[in-house]
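Worksheet for the structure shown next.
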Amino acid sequence: MTEDLERKIIEIIATDRIDKPISSMSGKLKRSKPKLAKTIELAPGNSFEGERTYARVETSNRDKARGMRGGINKFIENYPREGAILEGYIAEQRVASETHLCFGMYEGYIGVMTSLGFTEATAKKLYPELMDISRNLARKRDEVERSILIGSEIYGK
-8 MTEDLERKII
2 EIIATDRIDK
12 PISSMSGKLK
22 RSKPKLAKTI
32 ELAPGNSFEG
42 ERTYARVETS
52 NRDKARGMRG
62 GINKFIENYP
72 REGAILEGYI
82 AEQRVASETH
92 LCFGMYEGYI
102 GVMTSLGFTE
112 ATAKKLYPEL
122 MDISRNLARK
132 RDEVERSILI
142 GSEIYGK
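One point on numbering: in my numbering, the residue at position 55 of the sequence shown is 46, and numbering is uninterrupted.
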C-alpha cells in the first residue's frame, strides 16, 4: 500500500515537473506558428515546391454556426421571450472565409528545437523520438500535411 501510494505520488510529481517546461515550449511554438505563417509571401492559389519543403495557400468558404449551446439554453430558460429572438439570430448562418497555409517538410527540425533552448546535441537525440510521436499522431488523424489559419473574414447573410 505504502509503496503503491509513493509510486503514484512520484508519478504525479514527475508529470508535473515535465509538464511545466513542455507547456512553456508548446506555448512559445503555438504563438510563433501564426506569426511565421503570415511571413510566407504566397497569394491564395499559389504554391511553392522546394528541395526540402513545399507550401500552398488555400482559401475556403464555409458556413459557420453561431452560438454556445449550453449558455443559450440557460438564457432561454430564464428569458423565454428574448430567448426566442436569440434562437432566431443563432439559426442564421454566417459565411466564414478562411485562408490556410498548407505546408510540409522533407527534413530537418533541429533549428526550431535549438531556438527553444535545446542544445544541438540534445535536439539531435530527441528529434527521432519526437518525429516518431508526430508520425504516430498524424497516422491516427490521417494527416498527410499540416495547415495554419492565416486569415479569416466573416460575412453576414
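The C-beta atom is built at its ideal place from N, Cα and C for all residues, glycine as well. Source: prediction; values computed, not measured.
Of the residues the options, the one placed nearest residue i, counting alpha carbons only
i	options	result
Pro35	Leu27, Ile13, Glu42, Ala46	Ala46
Leu92	Lys19, Gly18, Lys21, Leu27	Leu27
Thr113	Asp123, Ile124, Met122, Ile101	Ile101
Gly108	Asp(-5), Ile13, Glu2	Ile13
Val143	Val48, Phe39, Ile9, Arg(-2)	Contrary to the premise, residue 143 reads as Ser rather than Val in this sequence. Among Val48, Phe39, Ile9, Arg(-2), the Cα nearest to that of Ser143 is on Val48.
Cβ separation of residue i and residue j, assumed to be a contact under 8 Å, to the nearest whole Å
i	j	result
Thr90	Thr50	5 Å
Ile139	Pro25	6 Å
Gly74	Ile67	3 Å
Ile141	Lys29	5 Å
Ile81	Ile63	7 Å
DSSP state of residue i mapped onto helix, strand, coil
i	result
Asn127	helix
Thr30	coil
Arg47	strand
Thr110	coil
Gly58	Note that Gly58 scores a pLDDT of 48, beneath 50, so its modelled location is shaky; the value from the coordinates is reported in the next line. It is coil, neither helix nor strand.
Glu40	strand
Asp133	coil
Met(-8)	coil
Pro165	Outside the modelled stretch of the chain, which goes from -8 to 148, sits residue 165, for which no answer is possible.
Ile63	helix
Tyr70	coil
According to DSSP, residues forming a beta bridge with residue i
i	result
Leu92	Val48, Ile139
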